[in-house]
Amino acid sequence: MFSDVGFLELVTLVILALVLFGPDKLPEAIRTVSAFVRKFREFSENAKNEVRTGLGPEFENFEFEDLNPRTFVRKHVLDGDGLGLDAVRDALDPRPELEEVVDAVRGAAGAEPAAGSPSDRPRPAGEPAGGAEEPVSLRKGGEGAAAGRPPVDPDTT
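Laid out in structure tokens, this is it:
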């Protein structure tokens, strides 16, 4: 319940409670709060048991924590029944489709991909597609457009 409350925060709460209630009323306030928490937990457990008995004998082992989406995914998808993370990762991997597109483009350009070509293996992110090919400039308009443009005068702007 207090898993994310640190020691310093707990000490601050105790000092605040001592200041608010005083040393005379603090034990009575703690008893009242603990009785309320105990009754609330009892009420919650009774409600859970009523729901379980209302659902029938098929759901005797039903846990309400399983209704949390994270717990549900962890229990039913990631428990190694063949529908786990590897299947999702393989289904969402774009590399096979990209390799097909690269092969189709090379085929349309007249260069058939050979077995063991660079498109058959996954490339690291920084490696160019064709090995020793020149990198493509991504500048807008290329370098020729900058030569045709008049120089900028910084004093006029």
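Using this note's numbering, read the sequence shown as starting at 18 and increasing by one per residue.
Virtual Cβ for every residue (Gly too), placed ideally from N, Cα, C.
Predicted model only: the values in this text are computed from it and were never measured.
What residue does the alpha helix (DSSP H) around residue i start on, and which one ends it?
i	result
Ala113	Correcting the residue identity first, residue 113 is Pro in this sequence and not Ala. From DSSP, the alpha helix (DSSP H) with Pro113 extends over 112–126.
Asn85	Counting along the chain, Asn85 falls outside any alpha helix (DSSP H), and DSSP gives it neither H nor E.
Hey, how far is the Cα of residue i from the Cα of residue j?
i	j	result
Glu203	Asp107	The first residue shown for the chain is 18 and the last is 174, placing residue 203 beyond what the model contains.
Arg123	Glu117	10 Å
Pro167	Thr173	13 Å
Val105	Phe79	27 Å
Asp41	Glu26	23 Å
Leu33	Arg87	36 Å
Glu82	Val119	47 Å
Pro111	Asp103	14 Å
Leu72	Ala46	39 Å
Val36	Arg55	25 Å
Gly23	Lys65	31 Å
Pro171	Leu109	50 Å
Phe38	Asp21	25 Å
Arg48	Asn63	22 Å
Val31	Arg69	39 Å
Leu84	Phe53	26 Å
Val50	Glu67	26 Å
Leu43	Val28	15 Å
Ala162	Ala121	In this prediction, Ala162 has a pLDDT of 49, which is less than 50 and means its spatial position is unreliable; what the coordinates show is noted afterwards. Roughly 32 Å between the two C-alpha positions.
My output table needs one value for residue i: the three-state DSSP class, helix, strand or coil.
i	result
Asn63	helix
Asp103	helix
Asp21	coil
Thr49	helix
Val68	helix
Glu77	coil
Is any heavy atom in the ligand ADP found nearer than 7 Å to the beta carbon of residue i?
i	result
Ile32	Absence of the ligand ADP from the depicted structure is noted, as is the absence of any ligand whatsoever, leaving it without description.
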